[in-house]
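Heads up, the thing below is written out as structure tokens.
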Amino acid sequence: MALSDTEQLAQWVEDSQHIVVLTGAGISTESGIADFRSEDGLWRDETLMTSMSEGFLKMFPREFWQQFRDTFWVPEYLNAKPNPAHLLPAMWERRGKNIQIFTQNVDGLHQLAGSTKVWELHGNIRSAYCPRCRERYSMEDVIVRDVPRCSWMNIKGDICDSILYPGMVLFEQSIHHYIEAFDAVRHCDLLLIMGTSLSVDPVADLPNHRPHNTAKMVIVNLAPTYLDGEADLVIRGRVGEVLSQLLEP
Ligand code: ZN
């Protein structure tokens, strides 16, 4: 009997040693988090796009932080729970598979699901940092202040006092961990792309660096991507819904 698409995916996971999972906003919409870059996504709102930039933060820190609070420090994010698209890679990892996850999401749901090898290409909303002394903060501790500032003190007792940046990548900033992602993709034997339409560079280009002769590429997404024609398997649908069939307790 022929395997169904999801059974085929499960079989390839079984047969693979180095699995790279590339995820985007499409896997978190089912956890109630809006997709920024989709047709009706938040980033369509030009004002928000401008106000979540480094330039705006430098010029209008109070307005920036208010906007951050109103957009990201909300129940939608803070109470979000992982769905099968997050839980499945975590389950594979528990079973001994080497799963490296590179995500464009800032919600931390992969870690909440139990995955331990997660690289957040766009950072995350749970932390903040000082651009001057690089001191890191838990967002929870600093968000209560109108304009969060660095409290690091030097040996002479001077406080740094610089205005903090959120841990997520802002417009005008470059993504994190690209080298690690590039390297992982070059050495994988299965590349699983989920919930991203691969429309934003440089992430969109990453899959092109897979070992074409040996690695399988699987795309699970609601909308078509420019790489569908090259993929070994394309599963169209809501990612969490599709993958829930593979989830076992
Ligand atoms: Zn500082």
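Just so we're aligned, residue 285 is where the sequence shown starts under this note's numbering, counting upward by one. Ideal Cβ positions, reconstructed from N, Cα and C, are used throughout, including at glycine.
- Assignment of alpha helix (DSSP H) within the segment 419-497, counting only whole runs of 4 or more residues, yields 423-426 and 462-470 in chain order.
- Here Ser335 carries a helix assignment [DSSP, helix/strand/coil].
- Thr400 carries a coil assignment under DSSP once its states are collapsed to helix, strand and coil.
- Excluding its 5 nearest sequence neighbours in each direction, Asn382 has C-beta neighbours in its own chain below 7 Å: Gln301, His302 and Ile303, listed in chain order.
- Relative to the ligand ZN, even the nearest heavy atom lies 7 Å or more away from the CB of Arg420.
- For the pair Gly451 and Asn408, the CB atoms are nearer than the 8 Å cut-off.
- Counting of Cβ neighbours within 10 angstroms places Ser483 among the exposed residues, the total staying below 16.
- Going by DSSP, Phe352 is part of no beta strand (DSSP E) but of the alpha helix (DSSP H) stretching over Pro345 to Phe356.
- If you draw a straight line from the Cα of Asn367 to the Cα of Ser315, it is about 6 Å long.
- A residue is called buried when at least 16 other Cβ atoms come within 10 angstroms of its Cβ; Asp445 does not meet this threshold and is exposed.
- Apart from the 5 residues on each side of it in sequence, Ala412 sits with its Cβ closer than 7 Å to the Cβ of Tyr421, Met423, Val426, Pro432, Leu448, Tyr449, Pro450 and Gly451 in its chain, given in chain order.
- Around Gln351, the same chain offers Ser335 as residues with beta carbons nearer than 6 Å, after the five sequence neighbours per side are excluded.
- Rounded to whole angstroms, the Cβ separation of Ile311 and Gly524 is 7 Å, and the two are in contact under 8 Å.
- Proximity of the segment 484-492 to the segment 464-474 meets the contact definition, three or more beta-carbon pairs being nearer than 8 Å.
- Residues Val305 and Val502 of the same chain have their beta carbon placed closer than 6 Å to that of Leu476, with the five preceding and five following residues left out of the count.
- Excluding its 5 nearest sequence neighbours in each direction, Leu341 has C-beta neighbours in its own chain below 6 Å: Phe348, listed in chain order.
- Using a cutoff of 7 Å, the CB of Trp436 counts as near the ligand ZN, since one of the ligand's heavy atoms is closer than that.
- Scanning Leu293, Ala294 and Thr313 for the CA closest to the CA of Thr480 turns up Thr313.
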